[in-house]
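Working notes, beginning with the structure itself.
Residue numbers (the working numbering): 97 to 632.
Have a look at this one:
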């Protein structure tokens, strides 16, 4: 339900309450498909005005279900349950109302639209009324005496009268919110319901086009998929100026602008050498000597290399269905590099040189040759492996445990098939999770990822088609919510493995163990010149 519809019905119900048309108010409130705690409270007030206690109690129950900390709701319900002779519930509501007073002597509900101030002594008065109905006269007297011992106020007369009634063993009547006092919508919001013509009818004042009868602010131009960019006419015809040096306002009507700021020249130079400009939504004066024409045109190369500044427009092409996997031994032309070439995001995260980016196998051999006999004596050492899954667990394995054996042990602990799990780790100082490659190679052990007797890996459930070739990797620019079962959902900053290029605007990728398609304009490549061929 739209908020404007709710506001309209709410206001009409309040007008019916002011006219004491309780049935009309209930009819308007019943039309609200998604009622709020305040509209439900109004419905309870209308039922109480019609002496319908059971419907009023149901409406108050719904009110407190919507807002569990509404003290005035508990206060009103205590009075209703007291009249229905549900004394235990009434006493409980008094306790909850006093708790949600949060130590305040008075709560003014005017800001919420209720012209009523709930006082702490009113809640205690109702508690004393419950005790009087239970026959616990001593407790009722103690509650009233405790209220009277507090600082004096307008309540003293009511408390003294209640004490005299208790001493005479007379049952106290409960206090309630007056029947005509209900939650009202803000008058500013109600005024906005009326349609207003702020702009009026458009009219062309002047135009450089002969016989131009266009009634808008600028000529319409077709929208194309991509980022919307306004077009300018160049420095010669543009009214945009650039501030050469910072300027601080020195008199009334002048503006303060930093150096290099773009301003719109609104008027011509006056006698004092000042010009009227618009900057940051404000109109004021700046010295003409500090202004220079700004070229709003952008070259084609700058437009292509520019970083996107907004969420892209939807793709022009309709999203295709999930592409079928084609078993082919011929790799695509874009995936032509060797296995030793790391993905772009890996190179950006580690910042290693080409010589340091050697294969993990050769790095392990070099490290082991430098350690010599010392490494041979440590073959029997254990390493503590922390595994992040839906939960975190640890296990101790020897340093010479292969990736395949580690994966089998983790699968047995999780109760999952090893073929559906994939292990990843993070390099030092990097946030990118890199797959543990070479699980079936005999020389790849936990020693390669262990540091000071500890290692941390991330275990993910892999898609049944996860052993496909990765063309390259991209980084998500924005959050993308799946629009269909074939879409790939990801968040800003996630790393996406690109599996295929569906068309000019849609890519198929993998992220977080899921495979699907997504618009290419929602991600970017860190290094377009680097590719990757990998079978995980």
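For glycine and all other residues, C-beta sits at the position ideal for the given N, C-alpha and C.
- CA-to-CA, the gap between residue 190 and residue 276 works out to about 22 Å.
- Excluding residues up to 5 positions away in sequence, 494, 495 and 549 lie with their Cβ nearer than 8 Å to the Cβ of residue 477 in the same chain.
- Ranked by Cα distance from residue 581, the options 613, 575 and 566 are led by 613.
- Assignment of residue 123 by DSSP, reduced to helix, strand and coil, places it in the helix class.
- Between residue 141 and the set 128, 130, 159 and 129, the nearest pair of CA atoms involves 159.
- Leaving aside the five residues that flank residue 282 on each side, the residues in its chain whose CB is nearer than 8 Å to its CB run, in chain order, 209.
- A contact is defined here as three or more CB-CB pairs under 8 Å, and the stretch 264-271 meets this definition with respect to the stretch 216-228.
- Distances from the CA of residue 572 to each of 606, 579 and 214 were compared; the closest alpha carbon is that of 606.
- Considered as a whole, the stretch 197-230 harbours 202-204 and 213-215 as its complete beta strand (DSSP E) runs of no fewer than 3 residues, in chain order.
- A contact between stretches requires three or more CB pairs, one per stretch, nearer than 8 Å, and the stretch 127-141 fails this requirement with the stretch 225-242.
- Leaving aside the five residues that flank residue 576 on each side, the residues in its chain whose CB is nearer than 7 Å to its CB run, in chain order, 585, 586, 614 and 618.
- Rounded to the nearest angstrom, the gap between the Cα atoms of residue 262 and residue 100 is 50 Å.
- Residue 540 and residue 520 have their C-alpha atoms some 14 Å from each other.
- Assignment of residue 369 by DSSP, reduced to helix, strand and coil, places it in the coil class.
- C-alpha of residue 350 to C-alpha of residue 284: approximately 34 Å in a straight line.
- Counting every other CB atom within 10 Å of its CB across the protein chains shown gives residue 216 a total of 16 or more, marking it as buried.
- Here residue 359 is buried. Its C-beta has 16 or more other C-beta atoms within 10 Å.
- Excluding sequence positions up to five before and after residue 187, its CB lies within less than 7 Å of the CB of 223 and 226, all in the same chain and listed in chain order.
- The three-state secondary structure of residue 161, taken from DSSP, is helix.
- Straight across, the Cα-Cα distance linking residue 111 with residue 121 is about 8 Å.
- Collapsing the DSSP output to three states places residue 260 in a helix.
- Under DSSP, residue 354 takes part in no beta bridge, so it has no partner.
- With contacts defined as CB atoms closer than 8 Å, residue 574 and residue 588 qualify as a contacting pair.
- For residue 116, the CB contacts under 8 Å within the same chain, skipping 5 residues up- and downstream, are 145 and 276 in chain order.
- DSSP places residue 190 in the uninterrupted alpha helix (DSSP H) bounded by 183-195.
- The DSSP-derived three-state label of residue 487 is coil.
- Going by DSSP, residue 517 is part of no alpha helix (DSSP H) but of the beta strand (DSSP E) stretching over 517-522.
- Counting only unbroken stretches of 3 or more residues, the beta strand (DSSP E) elements lying wholly within the stretch 553-625 are 568-572, 591-597, 602-607 and 610-615, in sequence order.
- The shortest C-alpha to C-alpha distance from residue 362 to any of 344, 337, 487 and 608 is the one to 337.
- Per DSSP, the unbroken beta strand (DSSP E) holding residue 380 starts and ends at 378-383.
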